[in-house]
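Asks: If you count the sequence shown from 1, you need to add 11 to reach the numbering used here.
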Amino acid sequence: MDAEKTGRQLVKYTFYKLDTAAFLRLPETRQRDAKLDFIATVRGFNRRMLLRSYCLVGLRRDVDFLLWTVAEEVEAFQQLETAIRNSALGPYLTVSRSFLAGTKRSLYDISLPEDGQHDPGEERIRIEPGDSRYLFVYPFIKTRAWYALSHEERQEMITEHIRIGRRYPEIRLNTTYSYGIDDQEFVVAFEGDNLHDFVDLVNDLRFSAASMYTQVDTPMHVAIAMSLPEVMDALGGATVGEVVEEDSAERGDWVPVAAVDELPQDAALCVPYGRQQVALFRTNGHVYALNNRCPHARGPLCEGTLRPTDDGPAVLCPWHEALFSLETGKTLSGPSPRDAETFQVRVEDGMVYIARSAQEKQQHE
Ligand code: FES
Numbered sequence: 012m013d014a015e016k017t018g019r020q021l022v023k024y025t026f027y028k029l030d031t032a033a034f035l036r037l038p039e040t041r042q043r044d045a046k047l048d049f050i051a052t053v054r055g056f057n058r059r060m061l062l063r064s065y066c067l068v069g070l071r072r073d074v075d076f077l078l079w080t081v082a083e084e085v086e087a088f089q090q091l092e093t094a095i096r097n098s099a100l101g102p103y104l105t106v107s108r109s110f111l112a113g114t115k116r117s118l119y120d121i122s123l124p125e126d127g128q129h130d131p132g133e134e135r136i137r138i139e140p141g142d143s144r145y146l147f148v149y150p151f152i153k154t155r156a157w158y159a160l161s162h163e164e165r166q167e168m169i170t171e172h173i174r175i176g177r178r179y180p181e182i183r184l185n186t187t188y189s190y191g192i193d194d195q196e197f198v199v200a201f202e203g204d205n206l207h208d209f210v211d212l213v214n215d216l217r218f219s220a221a222s223m224y225t226q227v228d229t230p231m232h233v234a235i236a237m238s239l240p241e242v243m244d245a246l247g248g249a250t251v252g253e254v255v256e257e258d259s260a261e262r263g264d265w266v267p268v269a270a271v272d273e274l275p276q277d278a279a280l281c282v283p284y285g286r287q288q289v290a291l292f293r294t295n296g297h298v299y300a301l302n303n304r305c306p307h308a309r310g311p312l313c314e315g316t317l318r319p320t321d322d323g324p325a326v327l328c329p330w331h332e333a334l335f336s337l338e339t340g341k342t343l344s345g346p347s348p349r350d351a352e353t354f355q356v357r358v359e360d361g362m363v364y365i366a367r368s369a370q371e372k373q374q375h376e
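#1: Rounded to whole angstroms, how far is the Cβ of residue 366 from the Cβ of residue 264, which I believe are closer than 8 Å?
#2: Please give the ranges of any beta strand (DSSP E) in the region 26-56, keeping only runs that are unbroken, at least 3 residues long and fully inside the region.
#3: What is the DSSP secondary structure of residue 224, counted as helix, strand or coil?
#4: Could you work out which residue in 50, 108, 140 and 281 is closest to residue 241 when comparing CA atoms only?
#5: Could you tell me whether the Cβ atoms of residue 142 and residue 99 are closer together than 7 Å?
#6: Mind the definition here: the region 280-294 touches the region 311-323 only if three or more C-beta pairs lie below 8 Å; say whether that holds.
#7: Measure the Cβ-Cβ separation of residue 219 and residue 162 and say whether it is below 7 Å.
#8: Which ranges does the beta strand (DSSP E) cover as unbroken runs of at least 3 residues, wholly within the region 94-123, from first to last along the chain?
#9: Would you tell me roughly how many angstroms separate the C-alpha atoms of residue 81 and residue 355, rounded to the nearest one?
#10: So the candidates are 248, 234 and 275; which of them puts its Cα closest to the Cα of residue 30?
#11: For residue 340, which residues from the same chain have a beta carbon less than 7 Å from its beta carbon, with the 5 sequence-adjacent residues on both sides left out?
#12: State the Cα-Cα distance for the pair residue 184 and residue 38, rounded to the nearest angstrom.
#13: So for residue 307, helix, strand or coil by DSSP?
#14: Who are the Cβ neighbours of residue 33 in its own chain at under 7 Å, not counting the five residues just before and after it?
#15: Do you know how far the Cα of residue 321 is from the Cα of residue 274?
#16: What distance in whole Å lies between the Cβ atoms of residue 195 and residue 152, which are believed to be in contact at a cut-off of 8 Å?
#17: Fully enclosed by the region 228-253, which beta strand (DSSP E) runs are 3 residues long or longer?
#18: Taking 7 Å as the limit, name every residue whose beta carbon sits nearer than that to some heavy atom of ligand 1, in sequence order.
#19: Please list the terminal residues of the continuous alpha helix (DSSP H) segment that includes residue 174.
#20: Quick check: what's the CA-CA separation for residue 261 versus residue 57?
#21: Can you name, in chain order, every residue of its own chain whose Cβ lies under 6 Å from the Cβ of residue 215, other than the five neighbours on each side?
#22: Tell me whether residue 333 sits in a helix, a strand or coil according to DSSP, three-state version.
#23: If you pair each beta-carbon of the region 316-335 with each one of the region 230-246, do three or more pairs fall below 8 Å?
#24: Taking the straight line between their C-alpha atoms, what separation do you get for residue 198 and residue 187?
#25: As a quick exercise: from 166, 160, 48 and 114, pick the residue whose alpha carbon is nearest that of residue 20.
#26: Have a look at residue 205 and residue 359 and give me their C-alpha separation to the nearest angstrom.
#27: When you compare the CB positions of residue 362 and residue 270, do they come within less than 7 Å of one another, or not?
Here it is in structure tokens:
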């Protein structure tokens, strides 16, 4: 079954190390050109994948930066890597580590008996990164003894795990699965704004019963969210941050995101737009675009159900059933305290273009 039918995504964490000794001996103009070429090369993949960049310079000896990429097909990762190798920075870069994984629904009930609330990070089949300052990434393997336990025994330990996680609501979890496609079983990526919260969370988890069944949970990486030009400047050598313009999607400008024919009728297609994912809905002869991230608890709106309402077509969030107008993003019912972000849509020569609304653009400036 392909990703289009299941909604599942592939995720790749690729860690790079720069050959500093060789790169910093280059003349400044070549350093600058190599960095600019790398930025242009990576940005060229923005339409094919969701791409986030992080810096680890000074935090780990063996890694300088990380590209967190999310795509529908594995070939996209390979093509990106080939393009990076062929860029002017390619000869100075080594992939020091990489983790491949896929999204999958949890085998366990991820609600707590006392509140019935699901933990979204464990349930998502589409990755929806937040805007946290830090990403904490590590590979994870359970002991084989874990798999010999009954489902009920494992469920009990997972419930305890979730209960501990709830003490740290600012730390958000993205679990992805690597069974059979990479050496680890899972890749665990937590997002957060406070390193101490993360230290305390992991410390608490060490006392949980499930911790007895951990075989591997290193190497651990703390990565700082940065734009590509910022990452390049952190590497040392000639700087480019001041000469590189923001990516057009980052500026909120019009960007072609899909062919009209690709859009399913009365359903959604999720497309990358800069650092975000946007859910495109085609219904009643119109195309609408909403930020895929539900403003309530980051539920994936592209997995929602379309509903006709007095305010026109609307989408029902699959997680807690907030209802949003496709036209205005207004919360029509349900628990969301805020409206969903809408994008301007234009259809030209069979292509769908979107741009951030004028109001949102102002807020981003
Ligand atoms: S995530 Fe709760 S209503 Fe959408």
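Note that CB positions come from ideal geometry on N, CA and C, so glycine has one too.
Replies: To lay it out plainly:
#1: Start at 1 with the first residue of the sequence shown, and residue 366 comes out as number 355. Start at 1 with the first residue of the sequence shown, and residue 264 comes out as number 253. Residue 264 and residue 366 do touch by the CB rule: their CB atoms are close to 6 Å apart, below 8 Å.
#2: none
#3: Against the sequence shown, residue 224 aligns to sequence position 213. Correct three-state label for residue 224: helix.
#4: Here residue 241 is taken as the residue at index 230 of the sequence shown, counted from 1. Comparing Cα positions, the closest option is 50.
#5: As a working mapping, residue 142 is identified with position 131 in the sequence shown. As a working mapping, residue 99 is identified with position 88 in the sequence shown. For residue 142 and residue 99, no; Cβs fall outside 7 Å.
#6: The region 280-294 is in contact with the region 311-323.
#7: Position 208 of the sequence shown, counting from 1, holds the residue named residue 219. Position 151 of the sequence shown, counting from 1, holds the residue named residue 162. Contact: no.
#8: The region 94-123 contains, as complete beta strand (DSSP E) runs of 3+ residues, the segments 104-113 (chain order).
#9: Counting from 1 along the sequence shown, the entry for residue 81 is found at position 70. Counting from 1 along the sequence shown, the entry for residue 355 is found at position 344. Cα to Cα, the separation comes out at about 24 Å.
#10: Position 19 of the sequence shown, counting from 1, holds the residue named residue 30. Residue 248 is the option with its Cα nearest to residue 30.
#11: Taking the first residue of the sequence shown as position 1, residue 340 is located at position 329. These residues qualify, in order along the chain: 301, 350, 351, 352 and 353.
#12: If you number the sequence shown from 1, residue 184 lands on position 173. If you number the sequence shown from 1, residue 38 lands on position 27. Going from the Cα of residue 184 to the Cα of residue 38 covers about 43 Å.
#13: Along the sequence shown, one-based indexing puts residue 307 at 296. Looking at residue 307 - three-state DSSP - the assignment turns out to be coil, as it is neither helix nor strand.
#14: For the purposes of this step, residue 33 is identified with residue 22 of the sequence shown, where counting begins at 1. Cβ within range, chain order: 103.
#15: Your numbering for residue 274 matches position 263 in the sequence shown. Your numbering for residue 321 matches position 310 in the sequence shown. So the alpha carbons of these two residues sit roughly 24 Å apart.
#16: Stepping through the sequence shown from its first residue, residue 152 is reached at position 141. Stepping through the sequence shown from its first residue, residue 195 is reached at position 184. Residue 152 to residue 195, Cβ: 6 Å. Contact.
#17: 232-236
#18: Qualifying residues come out as 131, 305, 307, 308, 309, 310, 328, 330, 331, 332, 333, 345, 346 and 347.
#19: Locating residue 174 in the sequence shown gives position 163, where the first residue counts as 1. Per DSSP, residue 174 belongs to the alpha helix (DSSP H) from 162-176.
#20: Mapped onto the sequence shown, residue 261 falls at position 250. Mapped onto the sequence shown, residue 57 falls at position 46. Going from the Cα of residue 261 to the Cα of residue 57 covers about 11 Å.
#21: As a working note, residue 215 is residue 204 in the sequence shown. These residues qualify, in order along the chain: 175.
#22: Position 322 of the sequence shown, counted from the first residue, corresponds to residue 333. Residue state, collapsed to three classes: coil.
#23: no
#24: Mapped onto the sequence shown, residue 198 falls at position 187. Mapped onto the sequence shown, residue 187 falls at position 176. Between the alpha carbons of residue 198 and residue 187 lies a gap of roughly 5 Å.
#25: The count along the sequence shown starts at 1 and reaches residue 20 at position 9. Cα-wise, what sits closest to residue 20 is 114.
#26: Taking the sequence shown and counting its residues from 1, the one referred to as residue 205 is at position 194. Taking the sequence shown and counting its residues from 1, the one referred to as residue 359 is at position 348. About 44 Å.
#27: Residue mapping note: residue 362 aligns to position 351 of the sequence shown, counting from 1. Residue mapping note: residue 270 aligns to position 259 of the sequence shown, counting from 1. Contact: yes.
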